[in-house]
Amino acid sequence: MAMLASLLAAAMTCPADLRAQEPEIPAADHPVYKTSGTPRAPQDKPAAEIEREAARFRMLEAACDSGDRAACSDLGEAYELGLGTPQNRPIAAILYRETCEADVARGCEGLGRVTTALRDESASEQAAAPFARACELGSAGGCIAYARLLHRGVGVPRDEQRAEALWRETCRSGAGAACRELGAAMIATQPTGERMAEALELLTGQCDALDTEACEELLRLEEGTAGRPSEAIILHNACSGGSDWSCKQLGDRAFVGNGTVQDRDYAFALYDRACALDEVQCETAAMLREWPGLTEGCESGDMAACARLGEIHDSTATPLEDANRARELLAAACFAGISDACARAGDLALTVDPAKAETLLVTGCDAGDLAACNRLASALDRGDALAQDIARAQALYVRLCEAEWWSACKTLRQNLATYPDLPLAVAGRNFVPPIEPDDRETLLSHIPEASRAQMEYSPCSTSTLEFRGQLYSDLVCDPERRVYRGYPLEPGQAPWQALLWRPRTLPNGLGPLSAKQRVLCGGALIRRGWVLTAAHCLVDRLETGEEFPIRSADYRIRLGVHRPAGDEGISYPILEVHEHPFFDLGTYAFDIALIRYDPSRGQSGAATNAIRLIGLDETPLLRRRIAPDMDVYTYGWGRTEVERVVMPTVLMGAKMQLETLEKCTEITGYTGNLLNAALCAAGSEGEQACYGDSGGPLIYYGDADRRARVIGVVSSGRKCGTTGEASRYTRVARAREWIERTIAAAR
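Once you know that position 64 of the sequence shown is 64 in the UniProt record's numbering, the rest is easy, because the numbers rise by one and skip nothing.
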């Protein structure tokens, strides 16, 4: 068997006259795989590792050519994962299928794995058979995967008892992952007695073996549960196994001596490990290393050091959070001439000493700090902490809007209806037309120099390889970028985007949650105090089966957020939630809702990006053109669940195209009163946008006035993530009357 793997791109570099003499290599007719179905091979491997993988690939290729079926299976894995060769799942599937037919267990397991990555509605059903065969041939991974399908009833009839028996048998054979899966499945049934003891024994054994997922399962149980290890032991094992959040929690405890001996050298070692695991955690160690020097500098009269020290005590990222100390330090710095300390100092003082807060904000604003001007204008406009003074507030809003402070422009427009004689601000460069990611010249011209390196990074790997005389192509993308095949936005570029934020600790005691875990859903700011979102977002449903209505706990709305993990934007308590009366969780029909928050009780972060309203689709249902060539846009931070977190660090955007109403009806199955209650959209390669934040807006910019309008709401369809179908969006035009009626009734 002659095997030659070479990039088509290399062939394209040959001289034209030589290419003309060579026969054209035909493209193979092969299945298409989801860009997100397989982890992308690391792009920053050391040179020595690349050479080792290439040498092993050549060895496997030669052995496979000689008839070694086990080597052929390993060669398939090399193609699947990009080990010594560009990733190419179509070629991997050929090798896996041939070796599976030759009763090689790893070949069957690999075939099941790549089959689940197919862009095909029946991918899971197709994967069940090779996983089952792999299990029969002795593959622990095959047994684990097949048991998972049995337990969920995916591709095979649901049989939880058989799944547990298979996990238990595989666990006894020494496969730790099977022990963890069995323990987690048992815990989910809320067991008692011997069953609970067995589940805890399984998970504890795996956590002791540094299985971070097993440790996370244990942390979800209440402290003091009989048989559960102490939280400190669980965190230590999880940290050793690679959990950045666990390392951070242990570091916090060691730094302040909470439940353990104070040991700051050990704390910094833990913080550094957390930073190495996830750069989001680096901020903590950096601030704490600054702290001693800043304290000394502040005590010596360095007011810039006092201001920075106040920021550290104001931050939730460190165990030094102390609102009173932060307020004192920032106020002292403000009065000493550090103007950018005034806004936060004034915020912290508003509820404690309103007169001092006003003085702080005026001091900062007079010194040219726009954040202080904005806080002052908002307080004067609301009239809660400070005496209401609309004229003074409006003058500040005009100044801010002319400086392109978007939230001020929004407020000016709102106030104009009530106070028609108020001055208008000069329009600025607030909004630009959406820019295509591949229009690099225009795109880079709108991006600051410091942000361009991020844009130069390619989120996907494409390969076109020759194999047995035919060409096979594949595309594999990073998880963060694959959600919408999107691109990072600049702060404030989608100022209507709202974030539904989980409490630090859930009502069942699970927590404290990391910033990644606290992202629940997206939404769109359509009125002051009102966010449009998806109805299924009104209840936080965990994989454990637990459900928490967002109105019954400390869930909040965050606005002006670009980087959720940062201390950004303004968060508001939720007053009311309104689910559409025709919402059906089973079909996701009319998956649309309103959240009313309290604008008077906002809590500001250290930085607030632009906040502005977005209009709803005003075109009557029958007059709105829906066609496949219509470009629409959506934004989000990526779909996130408490138990399985995959989230981009900044707000992402993507361009998609609408499907016809007829095609969308085929996807949704909606008829009768539900007809045309949804829109469907997908990227140029059929990517599903439902991996993005549920509840976020689908936006159309193509009306005559070129203004952004919400025409749909992201809804998690039943097939989300398992097919190549376009994603579904609840159609705003079908719910417009209900939205207006609900808001009017609450006034």
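Think of the CB as a built atom: it goes at the ideal place given N, C-alpha and C, for glycine as much as any other residue.
Collapsed DSSP secondary structure at residue i in the structure displayed
i, result
"W291", "helix"
"Q497", "strand"
"R541", "strand"
"S552", "helix"
"K34", "coil"
"D584", "strand"
"A681", "strand"
"W530", "strand"
"P573", "strand"
"D44", "coil"
"R220", "coil"
"R728", "strand"
"E618", "coil"
"F255", "helix"
Spatial neighbours of residue i in its chain, beta-carbon cut-off 7 Å, leaving aside the 5 residues before and after
i, result
"G112", "A127, P130, F131, A134, G142, A145"
"A269", "none"
"V577", "L538, I550, R551, A593, I595"
Within 8 Å, strictly: CB atoms of residue i and residue j
i, j, result
"C460", "T35", "yes"
"I550", "I526", "no"
"T116", "G37", "yes"
"L532", "V632", "no"
"S715", "Y635", "no"
"A304", "S339", "no"
"N88", "Y79", "yes"
"E164", "A140", "no"
"G683", "A704", "no"
"P157", "D252", "no"
"A286", "D272", "no"
"E223", "E231", "yes"
Cut-off 6 Å between Cβ atoms - residues of its own chain near residue i, not counting five sequence neighbours on either side
i, result
"A372", "C342, A343, L361, G364, C365"
"D554", "P503"
"A408", "Y397, L400, C401"
"Q281", "D244, K248, A274, C275"
"S604", "D347, I570"
"A55", "none"
"I739", "none"
"L329", "C306, L309, G310"
"L499", "R558, V561"
CA-to-CA distance, residue j to residue i, given in whole angstroms
i, j, result
"Y729", "D591", "8 Å"
"M59", "H30", "26 Å"
"S463", "V476", "9 Å"
"L182", "D617", "49 Å"
"R172", "A254", "37 Å"
"D74", "A48", "21 Å"
"N237", "L203", "12 Å"
"G176", "E169", "11 Å"
"I626", "E659", "8 Å"
"G602", "I390", "19 Å"
"W167", "A178", "5 Å"
"R736", "A677", "11 Å"
"L210", "R220", "17 Å"
"G110", "E125", "15 Å"
"G545", "A188", "8 Å"
"E290", "L277", "21 Å"
"Q394", "G259", "52 Å"
"Y33", "C521", "28 Å"
"C108", "L81", "16 Å"
"L412", "L613", "12 Å"
"G301", "A332", "10 Å"
"R52", "S240", "27 Å"
Residue i classed as buried or exposed, judged by whether at least 16 other C-beta atoms fall within 10 angstroms
i, result
"P90", "buried"
"N673", "exposed"
"S378", "buried"
"D584", "exposed"
"G712", "buried"
"G696", "buried"
8 Å Cβ shell around residue i - same chain, five flanking residues per side excluded
i, result
"L471", "L8, I25, P26, A27, A28, T464, L465"
"I743", "R527, W530, L594"
"L118", "P31, V32, Y33, K34, G37, Q126"
"K356", "A331, A349"
"P599", "R382, R528, G529, Y572"
heavy atom of the ligand COA below 7 Å from residue i C-beta
i, result
"D617", "Here there are no bound small molecules, and the ligand COA is not part of this structure."
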